[in-house]
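Here's the structure, in structure tokens; my notes come after.
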Amino acid sequence: MTSKSAKILLTGLPGCGKTTAVMQIIARLNCKKVAGFYTQEIRLGDKREGFSWNRLDGATGILAHVDIKGRFRVGKYGVDVAGLEKYIVSVLDIEQSSAELFIIDEIGKMECLSKKFITAVRRLLESNKSILATAAKKGAGFISEVKDYPNVRLFNLTSQSREKVIVEVLEILSFLKGPS
22 MTSKSAKILL
32 TGLPGCGKTT
42 AVMQIIARLN
52 CKKVAGFYTQ
62 EIRLGDKREG
72 FSWNRLDGAT
82 GILAHVDIKG
92 RFRVGKYGVD
102 VAGLEKYIVS
112 VLDIEQSSAE
122 LFIIDEIGKM
132 ECLSKKFITA
142 VRRLLESNKS
152 ILATAAKKGA
162 GFISEVKDYP
172 NVRLFNLTSQ
182 SREKVIVEVL
192 EILSFLKGPS
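Under the working numbering, the sequence shown has 69 at position 48, and the numbering climbs by one with no breaks.
Below, the structure is given as structure tokens:
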């Protein structure tokens with residue numbers, strides 16, 4: 022395990038390319054000990070129906086969908102908090118993982134409906150593990166709090182700055198780089 026660590030947070034407006042940047046960084050870094058998840062839109066034609074979670078180990082599931090009923094809601098979407106806690110919080114458990122880099126895409130309103138998710142992210146932020154995370158540009162509570170965490174390097178992403186930010190983040194995380 023490396024003694025170095027970095028806490029990197031990408032923020033920006035929806036559609037600016039946060040997930041794209043994270044995926045490009047992971048691919049270029051070639052770090053073998055990486056764990057975490059990213060989210061993607063679920064679309065039916067040109068209409069957004071919900072969001073999926075995708076773990077880096079290949080597991081996938083539904084984070085939120087217009088057809089999910091229940092008390093956990095963000096806008097028109099019902100959020101599967103139980104699924105988030107079972108399948109996502111578990112991969113963010115620092116005591117159960119040998120990962121050196123944790124990917125969290127994203128820290129947003131839906132994910133923050135789970136107290137267990139917030140606790141897992143806080144534990145990672147306070148650990149010696151490296152984190153590459155995205156957070157909603159706007160939001161109160163933990164979304165706002167995480168941006169002010171000690172030792173967090175915050176990058177405001179735009180479609181114009183994305184490549185420059187990717188290069189800078191790769192430089193910061195270069196101590197984790199695997200063989201080419």
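Every residue, glycine too, gets a C-beta built ideally from N, C-alpha and C.
Query: Using only the alpha-carbon positions, how far apart do serine 148 and glycine 162 sit?; Result: 21 Å
Query: With DSSP as the reference, please indicate the residues paired to threonine 32 in a beta bridge.; Result: Ala156 and Asn177
Query: What residue range does the beta strand (DSSP E) around glycine 82 cover?; Result: 81-86
Query: What residues in its chain sit with their C-beta under 6 Å from that of valine 190, if we drop five residues either side in the sequence?; Result: Ile29 and Ile46
Query: Measure the CB-CB distance between tryptophan 74 and leucine 84 and report whether it falls below 7 Å.; Result: yes
Query: Among the residues of its own chain, which have a CB less than 6 Å from the CB of methionine 22, if the five just before and after it don't count?; Result: Bear in mind that the predicted position of methionine 22 carries a pLDDT of just 42, short of 50, making it too unreliable to give a figure here.
Query: Who does phenylalanine 93 pair with in a DSSP beta bridge?; Result: Partner(s): none; phenylalanine 93 has no beta bridge.
Query: Quick check on the DSSP output: what are the complete beta strand (DSSP E) runs of length 3 or more inside the stretch 100-140, in order along the chain?; Result: 122-128
Query: Report back the beta-carbon spacing between threonine 40 and aspartate 114 to the nearest angstrom; my notes put them in contact at under 8 Å.; Result: With 8 Å as the limit, threonine 40 and aspartate 114 do not qualify as a contact, their Cβ atoms being about 23 Å apart.
Query: Can you tell me whether DSSP reads lysine 150 as helix, strand or coil?; Result: coil
Query: Spatial neighbours of cysteine 52 within its chain, please: CB distance less than 6 Å, with the 5 preceding and 5 following residues excluded, ordered by chain position.; Result: Leu122, Leu197 and Gly199
Query: So if DSSP puts leucine 65 in a beta bridge, which residue, or which two residues, is it bridged to?; Result: Lys68
Query: In three-state DSSP terms, what is serine 26?; Result: coil
Query: Can you have a look at glycine 71 and say buried or exposed, based on whether 16 or more other CB atoms are within 10 angstroms of its CB?; Result: buried
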